[in-house]
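Asks:
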Amino acid sequence: MILDRFRIEGKKALVTGAAAGLGQAIAIALAEAGADVACHGNTRTPDATCEQIEELGSRALTVTGDLAERDTPRLIFGETLAAFGTLDILVNNAGTIRRAPAVEYSEEDWTHVLEVNLSSVFRLSQLVGRHMLEHGQGGKIINIASLLSFQGGINVAAYTAAKSGVAGLTRALANEWARHRINVNAIAPGYIRTDNTVALQRDETRNRQILERIPAGRWGDPVDLAGAALFLASPASDYLHGHVLVVDGGWMGR
């Protein structure tokens with residue numbers, strides 16, 4: 105049955121930035137479909153996410169670390185592998201944003217945003233991709249891109265550069281690994297109510313402008329991405345490679 109192709113019982117997943125927002129919603133969706141999930145957190149631990157996963161009958165694992173640090177991807181990958189024995193699904197969700205006009209953007213902010221939003225995505229994908237290649241069973245890597253993978257934005261030069269890089273990296277890895285049954289795809293969320301968008305939500309003028317452009321007439325909620333993530337993590341997407349799936353309430357079509 106076609107619905108069986110959306111089941112992922114027994115699969116092992118790692119979701120970065122799973123303490124809240126998009127990562128939390130995705131981690132719980134994977135658990136609902138049968139996966140055991142390692143939930144990564146940094147300044148906030150993903151305890152609440154893990155509790156919900158365990159209530160669903162799946163196994164949860166907490167891994168922590170600052171993805172701006174070069175060694176963190178290797179450490180959280182190692183902890184996940186030690187606990188689960190294998191890894192079938194990676195969701196590179198963790199991200200950060202720092203806002204400033206380009207002429208005032210500091211070297212420190214530029215480096216921090218690129219490390220978290222792009223370099224850590226490559227490092228984790230490389231580690232997990234190597235593991236999947238060695239085991240020969242295929243797997244799923246899902247990156248979280250952005251509307252700013254396609255647009256320029258304002259006062260977010262580093263974030264835009266990083267998310268444009270995520271889209272390109274998704275295609276590059278898919279080109280190399282598709283024949284090994286490793287699916288590398290991305291989701292580009294639209295305007296979603298998360299910590300990263302609080303400033304926009306609180307800006308009365310900008311909030312109104314955003315809502316006026318979204319055909320759906322509302323901001324998205326993290327759960328709006330759960331179905332897309334489950335699709336990309338499941339056998340239902342086995343012939344999809346290097347795609348950036350936009351989930352934006354119609355923004356890009358306006």
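Using the working numbering, the first residue of the sequence shown is number 105, and each one after it goes up by one. Idealized CB from N, CA, C, for every residue including glycine.
#1: Could you round the C-beta distance between glycine 182 and threonine 176 to whole angstroms and report it? I think they count as a contact, below 8 Å.
#2: So the alpha helix (DSSP H) threonine 184 belongs to, where does it begin and stop?
#3: Which residue wins for smallest C-alpha separation from histidine 347, given the options Arg322, Ala290, Asn197?
#4: Go through its chain and collect everything with a Cβ distance to asparagine 259's Cβ below 8 Å, but skip five positions before and after it.
#5: Which one of Asn300, Arg275, Ser162 has the shortest CA to CA distance from alanine 198?
#6: Have a look at serine 366 and arginine 227 and give me their C-alpha separation to the nearest angstrom.
#7: So, at 8 Å on beta carbons, what are the nonlocal neighbours of alanine 359 in its own chain, with the 5 sequence-adjacent residues on each side left out?
#8: Candidates Gln156, His144, Ala276: which alpha carbon is nearest glutamine 230's?
#9: Looking at the structure shown, is glycine 169 part of a helix, part of a strand, or coil, going by DSSP?
#10: Enumerate, from N- to C-terminal direction, the unbroken beta strand (DSSP E) stretches of 3 or more residues contained entirely within the segment 191 to 272.
#11: Kindly confirm or deny that the segment 298 to 316 and the segment 248 to 262 touch, where touching means at least three C-beta pairs closer than 8 Å.
#12: Expressed to the nearest angstrom, what Euclidean distance is found between the alpha-carbon atoms of alanine 139 and tryptophan 355?
Replies: Walking through what the data contain:
#1: Within the sequence shown, residue 182 is the residue found at index 78, counting from 1. Within the sequence shown, residue 176 is the residue found at index 72, counting from 1. Between glycine 182 and threonine 176, the beta carbon gap of about 11 Å keeps them out of contact (Cβ cut-off 8 Å).
#2: Working through the sequence shown from its first residue, we reach residue 184 at position 80. 176 to 188 is the extent of the alpha helix (DSSP H) around threonine 184.
#3: Reading the sequence shown from its first residue, position 243 is the one you call residue 347. Nearest of Arg322, Ala290, Asn197 to histidine 347, Cα basis: Ala290.
#4: The residue labelled residue 259 in the question sits at position 155 within the sequence shown. Excluding residues within five positions, the ones whose Cβ falls inside 8 Å are Arg203, Ala204, Pro205, Ala206.
#5: Along the sequence shown, one-based indexing puts residue 198 at 94. Selected option, being the one with the closest Cα: Asn300.
#6: There is simply no residue 366 to check, as the chain begins at 105 and stops at 358 in what is shown.
#7: In this structure the chain extends from 105 to 358, so residue 359 is not present and cannot be described.
#8: On the sequence shown, position 126 is the one that residue 230 refers to. Nearest C-alpha to glutamine 230: Ala276.
#9: For the purposes of this step, residue 169 is taken as the residue at position 65 of the sequence shown. Glycine 169: coil per DSSP, three-state reduction.
#10: Runs of the beta strand (DSSP E) inside the segment 191 to 272: 193 to 196, 243 to 248.
#11: Touching, no.
#12: The residue you call residue 139 lines up with position 35 of the sequence shown. The residue you call residue 355 lines up with position 251 of the sequence shown. Using only the alpha carbons, I get a separation of about 32 Å.
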